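Quick note on the working numbering: the sequence shown kicks off at 398 and runs consecutively. Cβ coordinates follow ideal geometry from the N, Cα and C atoms, glycine included. Here the structure is a predicted model, which is why all the values come from computation and not from measurement. Since the structure comes first, as structure tokens, the remarks are kept for the end.
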Amino acid sequence: MDPSDSAHKGSGNVVQYLTFSLAAEEYAVEILRVQEIKGFSAITPLPDAPPHIKGVINLRGTVVPIIGLRERFGLPSLPYGRFTLIIVLNVGAKVVGVVVDSVNDVLDLRASDIEPPPDLGARVDTSLVRGLAKTNKRLLTLLEVDRTLDDGGSPRPGASAAAVPAELSA
């Protein structure tokens with residue numbers, strides 16, 4: 398065991414992240430942003446919504462907008478399977494659900510485990526990426542939740558942020 402591990406844990410520099418998969422890639426969000434993880438259930442579609450806005454669900458009396466992260470990131474859509482889940486996240490004062498292929502685990506990450514997003518030039522927008530974490534031979538993309546879910550217009554990460562459409566605000 399690395400002696401610095403206990404020092405980091407004691408000093409509060411460890412943050413827990415929920416990891417999940419989309420296609421063959423692993424992503425993570427801060428566990429404190431996660432309200433709950435629920436099995437996939439019927440979604441009520443909204444007319445004229447962008448492809449990544451799947452619709453809304455009724456979660457114990459609260460209308461929650463649901464975003465398909467595959468479509469949001471420009472990945473091909475797949476039929477929902479037995480591992481498909483909805484991660485319900487707190488985004489500012491809103492609650493938003495995201496559809497993911499599967500949830501993997503919760504990891505403790507130190508600041509030293511996280512690198513900033515790579516500089517890929519002005520033509521590639523990395524604003525949706527908080528950082529990259531290398532742990533146990535895994536490379537995780539840490540999402541900037543507010544930016545990822547607060548774009549009502551474009552399904553691709555390279556688009557500029559805009560407000561979630563008013564019909565999706567709970």
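Secondary structure remark: continuous beta strand (DSSP E) runs of at least 3 residues inside the segment 474 to 511, in chain order: 482 to 488, 491 to 497 and 499 to 507.
D498 is the residue among K451, D498, A530 and L443 whose C-alpha sits nearest the C-alpha of A420. Looking at T532, R527 and R535, the one whose alpha-carbon comes closest to that of E541 is R527. For I428, the secondary structure class from DSSP, reduced to helix, strand or coil, is helix. Linking V492 to P513 through their CA atoms gives a straight-line distance of about 27 Å. Looking at the backbone, the Cα of R544 and that of R507 are separated by about 22 Å.
Residue environment analysis places R467 among the buried positions, since at least 16 neighbouring C-beta atoms fall within 10 angstroms of its C-beta. Between R430 and N487, the beta carbon gap of about 5 Å places them in contact (Cβ cut-off 8 Å).
If you keep only unbroken beta strand (DSSP E) runs of at least 3 residues inside the segment 409 to 458, you get 411 to 419, 422 to 427, 431 to 436 and 450 to 456.
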